[in-house]
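Trainee: Protein chains in written order, with the numbering used here: chain A, 1 to 164; chain B, 1 to 172.
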Amino acid sequence: MTTTSRSITDPGTPPSWPPWHPLSDRGRWAKVAVLAGLLALGFLHMGWLHTGERPAPDTLLADPARHAGEEVELAMMRVVARDGARARLWAPWIEVEADPVDGAAGPGTIISVRGRLRSDGTVAVDSMRVYPRHALKKAIGIVATALAGALALWDLRGVRKRRA
Amino acid sequence: MPDLLTHAAVGSMLGVAARRRVLVWLVVGSVLPDVISRLPGLAMALASRTTGLPVSYELLQAVGLGHVPLAVLAVCLIIALLLPAPVRSAAFLGLTSGALVHLALDTAQAHLVGGYMLLYPFSTRLFELGLMDAEASLDLLPWTMALAAAALGLRRVIRSRWRRPSAGDQSP
Chain A
1 MTTTSRSITD PGTPPSWPPW HPLSDRGRWA KVAVLAGLLA LGFLHMGWLH TGERPAPDTL
61 LADPARHAGE EVELAMMRVV ARDGARARLW APWIEVEADP VDGAAGPGTI ISVRGRLRSD
121 GTVAVDSMRV YPRHALKKAI GIVATALAGA LALWDLRGVR KRRA
Chain B
1 MPDLLTHAAV GSMLGVAARR RVLVWLVVGS VLPDVISRLP GLAMALASRT TGLPVSYELL
61 QAVGLGHVPL AVLAVCLIIA LLLPAPVRSA AFLGLTSGAL VHLALDTAQA HLVGGYMLLY
121 PFSTRLFELG LMDAEASLDL LPWTMALAAA ALGLRRVIRS RWRRPSAGDQ SP
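(1) Quick one: is Ala30/A near chain B, going by C-beta distance under 7 Å?
(2) Hey, quick one: how far does the alpha helix (DSSP H) through Arg155/B stretch, first residue to last?
(3) DSSP three-state call for Asp133/B: helix, strand or coil?
(4) If you reduce the DSSP assignment to three classes, tell me which class Phe92/B lands in.
(5) Can we say the stretch 88 to 102 of chain B touches the stretch 19 to 33 of chain B, given the rule of at least three CB pairs closer than 8 Å?
(6) Out of curiosity, what's the CA-to-CA distance linking Ser171/B and Thr144/B?
(7) Given this structure, state the Cα-to-Cα distance separating Ser89/B from Trp25/B, to the nearest angstrom.
(8) Under three-state DSSP, which class holds Phe127/B?
(9) Please list, in chain order, all residues of the same chain as Ala81/A whose beta carbon is under 6 Å from its beta carbon, the five residues on each side excluded.
(10) Can you find a CB in chain A that lies within less than 7 Å of the CB of Gly41/B?
(11) Ala108/B lies in the alpha helix (DSSP H); which residues open and close that run?
(12) Give me the residue from Asp3/B, Pro2/B and Ala8/B with the minimum Cα distance to Leu151/A.
(13) List, in order along the chain, the chain B residues whose C-beta lies closer than 7 Å to that of Gly141/A?
(14) Which value, in whole angstroms, describes the spacing of the CA atoms of Leu42/B and Gly47/A?
(15) Round the Cβ separation of His67/B and Leu103/B to the nearest angstrom and send it over; I've been treating them as touching at under 8 Å.
(16) Quick one: what's Tyr120/B bridged to in DSSP?
(17) Terminal residues of the continuous alpha helix (DSSP H) containing His45/A?
(18) Select from the stretch 123 to 138 of chain B all residues with a C-beta closer than 8 Å to any C-beta belonging to chain D, and list them in chain order.
(19) Nearest by alpha-carbon distance to His111/B: which of Gly94/B, Ala136/B and Thr124/B is it?
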């Protein structure tokens, strides 16, 4: 079986893409710049979409959500009193980063809370879910990222060696 | 989201029939969305703890772009364009495949609140299938890793027996 492929097996020979191909060397940096610019716009827009949601308790929510923010804060204070967790919260949902304490919330615990905004502007906390292994997931993520990065560098090093 | 080792393991299992280079970049792509979305948040939190400056909430949410399919494709294309030409095609194929598999796995989860803007920038609607708990992958991780190791081992055996030697082909 004979295989032919655009993808190189001899790293010394560049692939023969037409100039208009997205992966071609033609206008490479311009393409990177355009894509990076579009991503930056998306990044800004994503941040803008969440404007008006604020972490508490040091920042007030804009009216009419101010009362809701205070009610949510009170609800979170009850969580804090129970579990000693440090609260970061923003409407319409809440994440809590827990300090090391005894009880349901421990180091690296994330607690998700769903609340409802009542017509009088107050918030009722409907349900809560505890993720006690969030710190473990973070640690695993760092390990996996390092392994993936090492794999990429290993593959690229092989290309440079064969070119040399 | 499932943990990143699960993402990498699933990616490697799905790419088990691919050429080595594509498989390598598929594994890289399978962790890419979380690298884009979580790493800046971790860095900001660390900087905040070190300097005492508050973390920008908008910045924390803005990096959610890392779980938007179009944005991830753009990042994969940027990375591929930054790589040497001989690697570019396989790297782009692997990166996009891995990243899209990552997004599919994330969408299968159930969160109390949230989801993923799969149609951004055309829509900001959040999507989620609600099939599994966000930490369920941790319980299955030993099995997932064992399956991935078995698949890769089998790949090596099959390729060493059936591969016909050709000039420059150094894929195991």
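Every residue, glycine too, gets a C-beta built ideally from N, C-alpha and C.
Mentor: Reading it off the structure:
(1) no
(2) Ala136 to Trp162
(3) strand
(4) helix
(5) yes
(6) No answer about Ser171/B holds up, because its pLDDT of 48 lies below 50 and its placement is not dependable.
(7) 10 Å
(8) strand
(9) Low confidence applies here, because Ala81/A scores a pLDDT of 49, under 50, leaving its location unreliable and the question unanswered by this model.
(10) no
(11) No alpha helix (DSSP H) holds Ala108/B; DSSP gives it neither H nor E.
(12) Ala8/B
(13) Asp3, Leu4, Asp34 and Arg38
(14) 17 Å
(15) 6 Å
(16) In the DSSP output, where bridge partners are listed per residue, Tyr120/B has none listed.
(17) Arg28 to Leu49
(18) The chain labelled as chain D is not found among the protein chains of the depicted structure, namely A and B.
(19) Ala136/B
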